[in-house]
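Each residue of the sequence shown is one higher than the one before, starting from 339 at the first, in our numbering.
Below is one structure, written out as structure tokens, with a few remarks after it.
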Amino acid sequence: MLSSVIKYSLIIALPCCLLLASCEGDKPVPPAPAETVPEIVENPALVAATLRIQQNPDSAQAYIDRALIHFKLVNNDAALADLDTALLLDKTMPKIYLLQADLYFAKRDIIRAIKSLETGTQVLPQNKEILLVLSRYYFYNSERDKSIKSADAALKLDPGYAGAYFQKALIFLEIKDTAKAISNLQTTVEQDPEFLEAYEELGYIYKQKKNPLAIQYFRNAVKLSPRDNDLRYALALALQEQKKYNEALEEYRLMIKESPQYENAHYGMGWVYFQMDSFDKADGSFKIAISIKPDYTDAYYMRGLIAESIGDIKNAEYYYDQTLRIDALHTNALNGFDRLKKLKK
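Okay, structure coming up:
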């Protein structure tokens, strides 16, 4: 398509150039420098989508399909143009408003994204998905009251709509109404027991409260995403805060098995071993963490603390010094040096 137009333009342009050259009289024309014209490669999916439109010019879905391909190729203006055509053909398709909003958001035009969704709710007032996405965009735009109102409208259509409860929970978390946030998150997982993000949020809330319920919520999240080391790390931290050291160690071992270069898991394992007075194992774990991340200040500090704990003042000074070379304001290392000075007096 596009390449055909360009090739055609080149064919027309070349004779014109030769004609102009011949009109300059007998003056010799120096040869033009050789240029390599890059081959234009069309996207096969885009070509196929365009062919479908040519075969079905009245199909709104055909234009939506091509808009999706343009979106993936970051041809956002072309995608929006296709959606405008789709709207002229059939304004009752929810995908149009949802994709329009995503495209405007990608262009950092959240106001037009919201307007697209608002139009969608007017045309399709019974569509809960558009209402939920509109709630999210209101939330992004700090319009919390409108966000809650839109989520509630979605819940009127479907009282078991887990995504709407989760959206309300995020709003309540932002305004620090933890009780309402917890209530909505719990309802989210009641309605959808596989809603990973709700378990994760509940885990962090209860972890901040130092409540052992955090462990169970993180366990539920890890079951749904067992290869997510960040989730497993959160679970391990919750376990060690409740002094369930052996269980925390098992989580760190699973993390290291999955990702041997995950420095936080080695550090966490070292910290737990330190709490268990297994200083050699702790030091070995911190040493590995440093080998993976040479500027891991906390790991250097912990090696210093181990040395201090066993009375090895020389190595304690060395590791505290290493810590401060990387972070001159590392409070724990500064306090460590102060303790060592007092020991020397």
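Glycine is no exception: its CB is placed at the ideal position from the N, C-alpha and C atoms.
Evaluate residue i with the Cβ neighbour count: other Cβ atoms within 10 Å of its Cβ, from every protein chain shown; 16 or more gives buried, anything less gives exposed.
i: T526; result: buried
i: R570; result: buried
i: N602; result: buried
i: A666; result: exposed
i: V610; result: buried
i: K545; result: buried
i: K547; result: exposed
i: L358; result: Caution applies to L358, whose pLDDT of 31 falls short of 50 and renders its modelled position unreliable; the value that the coordinates give is listed next. Answer is exposed; the Cβ neighbour count stays below 16.
i: I520; result: buried
i: D568; result: exposed
i: D618; result: exposed
i: G642; result: buried
i: A444; result: exposed
Which residue from the options puts its Cα closest to that of residue i?
i: Y600; options: I630, K582 and D676; result: I630
i: I594; options: I626, S647 and V560; result: I626
i: K518; options: F504, E528, P531 and Q529; result: F504
i: A398; options: Y435, L411 and K679; result: Y435
i: D615; options: L384, Y639, T388 and I644; result: I644
i: Y542; options: Y476, P598 and A574; result: A574
i: Y638; options: Y657, I651 and E646; result: Y657
i: L551; options: N414, T430, A572 and A654; result: A572
i: V412; options: L441, Q393 and A507; result: L441
i: N558; options: K548, N549, K547 and E539; result: E539
i: D515; options: D496, A489, P497 and R482; result: R482
i: K561; options: N549, E589 and I648; result: E589
i: Y634; options: Y605, Q392 and E646; result: Y605
i: S480; options: N465, L678, D676 and L508; result: L508
i: G677; options: E646, Q464 and E467; result: For clarity, residue 677 is Arg in the given sequence; the question names Gly instead. Among E646, Q464 and E467, the Cα nearest to that of R677 is on E646.
i: P432; options: Q464, I448 and A444; result: Q464
i: L493; options: Q529, E512 and P382; result: Q529
i: G498; options: Q524, I648 and P382; result: Q524
In angstroms, rounded to a whole number, what distance separates the CA positions of residue i and residue j?
i: T374; j: R446; result: Its pLDDT being 46, under 50, T374 is placed unreliably in this model, and the value from its coordinates should be taken loosely. Near 38 Å, if we compare the C-alpha coordinates of R446 and T374.
i: N522; j: D636; result: 37 Å
i: T388; j: R450; result: 27 Å
i: L329; j: K453; result: Residue numbering for the chain in the displayed model covers 339 to 683; residue 329 lies beyond these limits and cannot be assessed.
i: T669; j: M640; result: 13 Å
i: A386; j: L406; result: 13 Å
i: A439; j: G458; result: 10 Å
i: L469; j: L425; result: 19 Å
i: Y401; j: H408; result: 10 Å
i: P632; j: R663; result: 12 Å
i: F477; j: N414; result: 23 Å
i: E579; j: K682; result: 34 Å
i: D650; j: L577; result: 31 Å
i: A671; j: T661; result: 7 Å
i: A586; j: M607; result: 8 Å
i: N584; j: Q613; result: 11 Å
i: E512; j: P598; result: 36 Å
i: K679; j: I648; result: 16 Å
i: N549; j: A620; result: 27 Å
i: A416; j: S488; result: 30 Å
i: E380; j: R390; result: 16 Å
i: L437; j: P382; result: 22 Å
i: K652; j: G622; result: 18 Å
i: K484; j: I448; result: 15 Å
i: N673; j: D659; result: 12 Å
According to the Cβ coordinates, are residue i and residue j closer than 9 Å?
i: D396; j: L421; result: no
i: I628; j: K582; result: no
i: L592; j: S563; result: no
i: V461; j: T430; result: yes
i: E532; j: R565; result: no
i: F510; j: Y537; result: no
i: L418; j: R404; result: no
i: L455; j: Y475; result: yes
i: F624; j: E655; result: no
i: I486; j: K506; result: yes
i: D490; j: A500; result: no
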